[in-house]
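Per UniProt numbering, the sequence shown starts with residue 1, numbered consecutively. Cβ atoms here follow ideal geometry from the backbone N, Cα and C, with glycine treated the same way. All values derive from a computational prediction rather than experimental measurement.
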Amino acid sequence: MTSIRLENLHWEVLEEIAARDGMAVTQLITRLYDELVEARGAVGNFSSFLRVSALRYMALVAQNRIPADRTVPLRTLDPEAILDGLPAGWTHPIHPLHLPQ
């Protein structure tokens with residue numbers, strides 16, 4: 001079993017994300033882990049990934065790309081419309097040595 005250490009704010013955001021789709025936090029974490037393995041084939045620092053996921057969710061809500069209304073399930077939203085026009089680093093990882101000058 002792996003332990004995940006996150007600050008309380010990150011846990012609260014993950015709980016909100018999970019609740020919007022009727023999941024428990026453990027279900028959300030398992031789903032995110034499985035999707036990360038499928039997309040990248042390996043998992044580095046999963047706690048960091050969860051922190052970034054929570055931060056991006058909060059930023060997308062703040063930008064009105066995701067409705068602030070918590071009764072709107074995330075699974076009903078169009079991910080391409082949400083991500084359209086965002087900086088490349090938001091949708092594709094940028095290697096630290098290749099940051100824009």
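Sixteen is the threshold: since fewer than 16 other Cβ atoms of the shown chains lie within 10 Å of the Cβ of Leu9, the residue is exposed. Closest option to Gly22, judged by alpha-carbon separation, among Val61, Gly85, Arg75, Pro67: Arg75.
With at least 16 other beta carbons inside 10 angstroms of its own, Arg20 counts as buried. If you look at Ala54, you'll find it in the alpha helix (DSSP H) that goes 46–62.
A contact is defined here as three or more CB-CB pairs under 8 Å, and the region 79–92 meets this definition with respect to the region 53–71. Following the DSSP letters along the chain, one finds Thr26 inside the alpha helix (DSSP H) bounded by residues 25–40.
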